[in-house]
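Numbering (this note's numbering), first residue to last: 117 to 255.
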């Protein structure tokens, strides 16, 4: 049986900073964060940069556009602080999708694009097409 498509989105900043400082500035705990010099838990390698991220709270079967809106809603909890952090640290909206069954396309309404722009966010898409034309019943 083919897996369902899965996707998520997250706000992120990377650079040379103390992640605790970002948390204090925005008043929200990150979904994921590490500091430069911290050890990567799987590889044991030292991190070369800091990162602070806030992930969508939705289940991964929801459309990608819904995940982006959910992250923006979280940023709206403290818009002035998130905009300041985003502009200062080069904030981005990361879109991640694993397409197992079909590629649904991505469409953002003008209002969502405006919200992304208001925070000065770049958008990065990591899309993985994992569909195979081989039918399971023929193997």
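Where is the CB? At the ideal position from N, CA and C, for every residue including glycine.
Subject >> Those residues which DSSP pairs with residue 129 across a bridge >> reply: 168
Original post:
Smallest Cα separation from residue 177: which of 246, 119, 240 and 238?
Top reply: 119
**OP:** Just tell me which of 164, 236, 215 and 225 has its CA closest to the CA of residue 242.
**Re:** 215
**OP:** With residue 197 as the anchor, note down where its alpha helix (DSSP H) starts and where it stops.
**Re:** 195-205
**OP:** Ignore the nearest five residues each way along the sequence and tell me which others in residue 165's own chain have a CB closer than 8 Å to its CB.
**Re:** 130, 131, 132 and 152
Original post:
Considering residue 137, what are the terminal residues of the alpha helix (DSSP H) in which it resides?
Top reply: 135-142
Subject >> Residue of 236, 201 and 157 minimising C-alpha distance to residue 140 >> reply: 201
**OP:** Below 8 Å CB to CB, which residues in the same chain sit around residue 197 once its five sequence neighbours on both sides are set aside?
**Re:** 141, 142 and 143
**OP:** Identify whether residue 175 lies in helix, strand or coil by the three-state DSSP scheme.
**Re:** coil
Subject >> For residue 182, the first and last residue of its enclosing alpha helix (DSSP H) >> reply: 180-191
Original post:
When you compare only the Cα positions, how much space is there between residue 219 and residue 123?
Top reply: 11 Å
Subject >> Burial state of residue 235 (16 or more Cβ within 10 Å) >> reply: buried
**OP:** Give me the Cα-Cα distance between residue 244 and residue 136, rounded to the nearest whole angstrom.
**Re:** 32 Å
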